[in-house]
């Protein structure tokens with residue numbers, strides 16, 4: 083049985099989620115770079131390859147925020163790569179949280195919240211791909227008539 087969510091609703095929610103996570107990552111990156119962690123103790127970085135929050139901040143903004151922004155733009159433009167970028171952004175968020183926990187070895191409820199948002203993002207992607215179809219129907223944009231696998235088969 084399908085839930086009463088339209089693809090448009092799920093794509094909209096995925097887009098809002100990507101925009102929120104991009105803005106959060108950019109804000110966190112700004113605090114890390116401009117304010118050297120914005121009050122987070124440098125002691126948290128002991129034993130890590132970092133002595134300041136500069137490089138982690140640049141990674142947070144460039145990689146995590148950048149992939150989230152790319153996913154949001156692709157979703158808004160209904161590009162074929164939108165779901166791939168959304169999956170990369172979702173996995174990027176999960177990896178960021180795992181690495182953050184390993185490096186700083188200190189837990190915050192925000193880590194659980196952003197991990198959950200990454201899982202939610204991946205759940206939306208799986209639903210739109212038809213892999214986890216209990217949320218909505220598989221996505222069928224006009225530009226997405228053929229799969230990458232079909233393109234590869236036609237070339238060879």
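Residue numbers (my numbering): 83 to 238.
C-beta atoms are modelled at their ideal positions from N, C-alpha and C, and glycine is treated no differently.
Cα-Cα separation, residue i to residue j
i, j, result
"residue 118", "residue 93", "36 Å"
"residue 173", "residue 111", "18 Å"
"residue 213", "residue 221", "11 Å"
"residue 196", "residue 103", "8 Å"
"residue 106", "residue 180", "17 Å"
"residue 200", "residue 192", "12 Å"
"residue 164", "residue 152", "8 Å"
"residue 236", "residue 116", "With a pLDDT of 44 at residue 236, under the threshold of 50, the predicted position of this residue should be treated as unreliable, though the coordinate-derived value follows. Rounded to the nearest angstrom, the two C-alpha atoms are 50 Å apart."
"residue 189", "residue 140", "21 Å"
"residue 160", "residue 202", "20 Å"
"residue 187", "residue 126", "7 Å"
"residue 204", "residue 147", "16 Å"
"residue 143", "residue 198", "19 Å"
"residue 128", "residue 135", "12 Å"
"residue 149", "residue 132", "23 Å"
"residue 124", "residue 183", "15 Å"
"residue 145", "residue 175", "9 Å"
"residue 194", "residue 87", "26 Å"
"residue 162", "residue 156", "8 Å"
"residue 166", "residue 109", "24 Å"
"residue 239", "residue 216", "Residue 239 lies beyond the stretch modelled for the chain, which goes from 83 to 238, so this question has no answer here."
Within 8 Å, strictly: CB atoms of residue i and residue j
i, j, result
"residue 100", "residue 154", "yes"
"residue 76", "residue 207", "Only positions 83 to 238 of the chain appear in the structure, and residue 76 is not among them; the question remains open."
"residue 138", "residue 171", "no"
"residue 158", "residue 97", "yes"
"residue 130", "residue 185", "yes"
"residue 210", "residue 89", "yes"
DSSP three-state assignment for residue i, whether helix, strand or coil
i, result
"residue 221", "coil"
"residue 132", "coil"
"residue 177", "helix"
"residue 90", "helix"
"residue 189", "coil"
"residue 214", "coil"
"residue 120", "coil"
Residue-chain proximity (residue i, chain B), Cβ-Cβ < 8 Å
i, result
"residue 187", "Note that chain B does not occur in the displayed structure, where there is just one protein chain."
Secondary structure, alpha helix (DSSP H): runs of 4+ residues fully inside the segment 137-169 | Inside the segment 137-169, DSSP marks whole alpha helix (DSSP H) runs of 4 or more residues at positions 148-159, from first to last along the chain.
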